[in-house]
Amino acid sequence: MNFGKISAATIARTAVLLLALTNQVLSALGKPMLPIESQTVEQLITAGITTVAALVSWWNNNSFTAEAIQADEEFNRLKQEKLH
4 MNFGKISAAT IARTAVLLLA LTNQVLSALG KPMLPIESQT VEQLITAGIT
54 TVAALVSWWN NNSFTAEAIQ ADEEFNRLKQ EKLH
């Protein structure tokens, strides 16, 4: 993988998703990362974070491979040509 060209937005969305999934798993195991007293509130918040992170990550184009990054660059180049 060519990590130098992965966009900051892709990295941020992936990090948020990993954090949410980690928290969800730890919460299910009884060891939540978010120290909230009420288990119901904690589970609702964790499920909400996981849902939002998953939807955002799924919706956006996350290019990790060199080919996908190159295709994004070509798409942006063609889009710029069309504007001019």
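Whatever position you read off the sequence shown (first residue = 1), add 3 for our numbering.
Think of the CB as a built atom: it goes at the ideal place given N, C-alpha and C, for glycine as much as any other residue.
Note that this is a predicted model, so its numbers are computed, not measured.
- Between the C-alpha atoms of GLN73 and VAL55 there is a straight-line separation of about 28 Å.
- The straight-line gap separating the alpha-carbon atoms of VAL59 and LEU47 is approximately 18 Å.
- Following the DSSP letters along the chain, one finds PHE78 inside the alpha helix (DSSP H) bounded by residues 69 to 86.
- ASN26 is positioned such that its CB atom lies closer than 7 Å to that of THR49.
- For ASN63, there is no enclosing alpha helix (DSSP H), as DSSP marks it with neither H nor E.
- Distance from the CA of ILE52 to the CA of ILE14, rounded to the nearest whole angstrom, comes to 17 Å.
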